[in-house]
Every structure is written in structure tokens, then in C-alpha cells.
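Participant:
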Amino acid sequence: MTRAETLLIVNPYARHGETARLIPAIERLLSNLDHDTLVTTGPQHAMEVARRDGAGRRLVVCAGGDGTAHEVLNGLMHLDESKRPVMGLLPTGSGNDLRRTLGIPNDLAAAALTLTTGALRTADVGVCNGTYFGGSFAAGLDARVTAKAIQYKETTNRAGLWLYLSALLHILANDRSPIHVNVSFDGEEAQALDALIIAMTIGQTYGGGFKITPDAIFDDGLFDVCMIDPLSLSQALARLPFVILGKHTKMKVVRMSRRFSAVIESETPIPAQMDGEVFAETRYEITLLPNAITFKVPVRR
Numbered sequence: 001m002t003r004a005e006t007l008l009i010v011n012p013y014a015r016h017g018e019t020a021r022l023i024p025a026i027e028r029l030l031s032n033l034d035h036d037t038l039v040t041t042g043p044q045h046a047m048e049v050a051r052r053d054g055a056g057r058r059l060v061v062c063a064g065g066d067g068t069a070h071e072v073l074n075g076l077m078h079l080d081e082s083k084r085p086v087m088g089l090l091p092t093g094s095g096n097d098l099r100r101t102l103g104i105p106n107d108l109a110a111a112a113l114t115l116t117t118g119a120l121r122t123a124d125v126g127v128c129n130g131t132y133f134g135g136s137f138a139a140g141l142d143a144r145v146t147a148k149a150i151q152y153k154e155t156t157n158r159a160g161l162w163l164y165l166s167a168l169l170h171i172l173a174n175d176r177s178p179i180h181v182n183v184s185f186d187g188e189e190a191q192a193l194d195a196l197i198i199a200m201t202i203g204q205t206y207g208g209g210f211k212i213t214p215d216a217i218f219d220d221g222l223f224d225v226c227m228i229d230p231l232s233l234s235q236a237l238a239r240l241p242f243v244i245l246g247k248h249t250k251m252k253v254v255r256m257s258r259r260f261s262a263v264i265e266s267e268t269p270i271p272a273q274m275d276g277e278v279f280a281e282t283r284y285e286i287t288l289l290p291n292a293i294t295f296k297v298p299v300r301r
């Protein structure tokens with residue numbers, strides 16, 4: 001049986017299972033694109049399929065949210081660069097921050113059209129402790145928020161910015177303790193510091209639309225770094241609207257920079273998230289791979 005040049009990987013569980021109901025519509029939208037379809041059955045399946053069946057394809061498309069895209073990206077990044085296909089995205093998940101980063105339309109029909117009429121554009125990829133990420137790494141409060149958002153996603157019908165905002169308000173009220181770490185950027189001497197958040201991003205947003213690094217450019221070969229000092233509850237709540245809108249970068253409690261790499265160490269495991277996947281380690285080694293993956297994106301006007 002001849003393999004199609006395009007592989008479509010669908011996560012039916014994305015956005016509370018809504019993606020499963022969209023599969024017939026997705027197939028109709030892609031009727032003019034010769035493709036094979038694989039519907040995932042559980043965690044890590046999308047990564048396994050992308051790594052096993054993606055080599056030599058022209059295009060691998062993921063239908064789902066940032067978690068699905070994270071898995072597909074990790075699968076593709078394990079392939080030899082000469083066999084690595086272009087990656088496409090049909091955003092049917094809850095947060096869809098990678099969609100925002102790449103400028104892919106939120107409308108499913110428009111996103112599908114991009115797969116055949118769009119342009120190719122390379123993007124930077126981050127790697128931390130052997131795990132690749134296309135959007136963001138963040139240690140501290142953001143990881144606790146992500147973990148709470150995952151819980152809320154399972155128990156409520158919330159999605160997108162509302163989901164993460166609900167989780168953030170809960171964590172701010174109950175667990176905003178700072179992380180105590182030693183941080184070294186770009187091979188410089190390590191500095192001991194207390195921080196509420198240490199975020200290193202490729203795109204401008206995470207958490208369904210929080211503009212944590214509003215000036216980030218996804219192919220400039222650098223992470224945008226946002227570090228926020230410890231805050232009281234009242235201080236955090238007063239600044240929250242500015243963070244959502246990306247108007248926080250000049251505040252005294254915020255330190256912005258652009259970096260290529262970092263090592264973050266702590267005596268005890270600290271929470272971190274990569275593209276919405278939660279980790280707890282005592283050491284994180286983060287570096288950037290410039291222009292490491294090619295995406296199908298809308299043509300720039």
C-alpha cells in the first residue's frame with residue numbers, strides 16, 4: 001500500500017473530546033489533500049506515530065491543542081533532519097498558543113486551507129533535559145497554574161484563557177511561593193535568586209493567550225526571558241491584567257532579556273512546564289535550536 005505524502009495525526013480527546021466530533025468535518029476539509037489519518041489512543045501516541053511514520057513524508061499535520069503539537073514536534077525532532085517533514089496545525093484544542101505564535105487562523109476551515117495554500121517558514125525549537133518545545137518553558141508559579149488547569153480541564157468545561165485564568169487565580173490565592181534557584185544564562189556565572197516566574201519563550205503567549213513575552217519572534221534565534229520577582233497577593237492581582245495584555249515588561253518587579261541558553265538548579269525539585277506539560281526536576285538545562293523545524297503558515301501579506 002502506497003503511503004500518502006501527508007500524515008494527519010488527530011487527538012480525539014482535545015478540548016474535552018470535541019475534536020472527536022470534528023473528525024468527519026476535518027476529513028471533508030482535507031478531501032483534496034492526499035493523506036493518511038491516524039487517530040491517537042492515549043498520551044505519547046502522537047509522538048510515537050510522528051517518529052515512526054513521519055520520516056520521508058512531505059507534511060505531518062496535527063489536529064488538537066498545544067499538548068498534541070508538543071508530542072508531534074518531539075516525534076519529528078527525533079528524526080534525521082534530512083527526513084524531517086514540514087509540520088502543519090489544525091488548532092482544535094483548549095489553549096492553542098502555538099497557533100497564535102505561527103499566525104495560523106483559529107477558524108478550522110481557514111487553517112485547513114493554509115495546509116495547501118500557505119507558505120513554508122522555519123521556527124526555533126527549544127530543548128530542555130532532552131525534551132523539545134515549540135512555545136515555552138516556565139518554572140515556578142506558571143507550572144503550578146498549568147497543573148491546576150489540567151485538573152480543571154478534566155472537571156469543568158472551561159477552555160482557553162478562561163481555563164488558565166481560573167487556575168491562576170486559585171494558585172495566586174493558595175500557592176504563590178517563590179522558587180529558590182541558581183540561574184546561569186548563556187554560560188555566565190550562576191546567580192542565586194528568588195522568583196515567582198522564570199519564563200523562556202519562543203512565542204509571545206502561553207496559557208491560552210497570556211502575553212508573557214509580547215515582543216518574542218519565533219525565528220530570531222533567541223529566547224525571550226521574563227522573570228518576575230515574588231509578589232504579595234494584592235500586588236499580583238494588581239498586575240495581572242497588565243500581564244494578560246503584555247503591558248508588564250517595564251515594571252520594576254519584572255526583568256526581561258533575550259538569551260540563548262540557561263541552567264536552572266535548585267536543592268529541591270521545582271515545578272516547570274514545557275508547552276503545557278508539567279515536570280519537577282532539580283536541574284533544567286535549556287538551549288535553543290535555531291530554525292530547527294519548518295511549519296506551513298499563512299502567506300504574509
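Just so it is clear: in the sequence shown, position 169 is 169 by my numbering, and no numbers are missing.
The beta carbon of each residue, even a glycine, is placed where N, CA and C say it ideally should be.
Taking just the CA atoms, how far does residue 218 sit from residue 121?
Facilitator: Here the alpha carbon of residue 121 sits roughly 10 Å from the alpha carbon of residue 218.
Participant: If I follow the unbroken alpha helix (DSSP H) through residue 97, where does it start and stop?
Facilitator: Where residue 97 is concerned, the enclosing alpha helix (DSSP H) stretches over 97–102.
Participant: Which of the three DSSP states, helix, strand or coil, is assigned to residue 344?
Facilitator: The first residue shown for the chain is 1 and the last is 301, placing residue 344 beyond what the model contains.
Participant: Which word fits residue 187, buried or exposed, when buried means at least 16 other C-beta atoms lie within 10 angstroms of its C-beta?
Facilitator: exposed
Participant: Measure from the alpha carbon of residue 207 to the alpha carbon of each residue in 158, 10, 142 and 178, then state which is nearest.
Facilitator: 142
Participant: Evaluate residue 58 with the Cβ neighbour count: other Cβ atoms within 10 Å of its Cβ, from every protein chain shown; 16 or more gives buried, anything less gives exposed.
Facilitator: Exposed, by the Cβ-count rule.
Participant: When DSSP labels each residue in this structure, what does residue 253 get in the three-state scheme?
Facilitator: Three-state DSSP puts residue 253 in coil, outside helix and strand.
Participant: So for residue 218, helix, strand or coil by DSSP?
Facilitator: Per DSSP, reduced to three states, the secondary structure at residue 218 is coil, with no helix or strand assignment.
Participant: Any contact between the stretch 240–259 and the stretch 113–133? By contact I mean 3 or more CB pairs, one from each, below 8 Å.
Facilitator: Short answer: they don't touch.
Participant: Excluding the 5 residues preceding and the 5 following residue 127 in the sequence, name in chain order all residues of the same chain whose CB lies nearer than 7 Å to its CB.
Facilitator: Excluding positions up to five away in sequence, the list reads 287 and 289.
Participant: Do you know whose CA, among 273, 15, 193 and 229, lies nearest residue 95's CA?
Facilitator: 15
Participant: Between residue 7 and residue 54, how many whole angstroms is the CB-CB distance? I'm expecting something under 8 Å.
Facilitator: 6 Å
Participant: Would a C-beta distance cut-off of 7 Å place residue 178 and residue 105 closer than the cut-off?
Facilitator: no
Participant: Are the CB atoms of residue 93 and residue 64 within a distance shorter than 7 Å?
Facilitator: yes
Participant: To which residues of the same chain is residue 152 closer than 7 Å at the C-beta, ignoring the five residues directly before and after it?
Facilitator: 158, 163, 166 and 167
Participant: Could you give the first and the last residue of the continuous alpha helix (DSSP H) run that contains residue 244?
Facilitator: 233–245
Participant: Quick one: grab the DSSP three-state call for residue 287.
Facilitator: Per DSSP, reduced to three states, the secondary structure at residue 287 is strand.
Participant: So residue 86 and residue 296 are in contact, right, with Cβ under 8 Å, and what is the actual spacing, rounded?
Facilitator: Between residue 86 and residue 296 the beta-carbon gap is near 6 Å, inside 8 Å, which marks them as a contact.
Participant: Look at the Cβ atom of residue 269, then the Cβ atom of residue 280, and state whether they are nearer than 7 Å.
Facilitator: yes
Participant: Over the uninterrupted beta strand (DSSP E) stretch that includes residue 191, give me the two end residues.
Facilitator: 191–195
Participant: Please work out which residues of its chain come closer than 8 Å, Cβ to Cβ, to residue 111, disregarding the five sequence neighbours upstream and downstream, and give them in chain order.
Facilitator: Within the same chain, and ignoring the five residues on either side of residue 111 in sequence, the residues whose Cβ sits closer than 8 Å to its Cβ are 89, 90, 91, 99, 104 and 105.
Participant: What is the rounded straight-line gap between the Cα of residue 9 and the Cα of residue 71?
Facilitator: 10 Å
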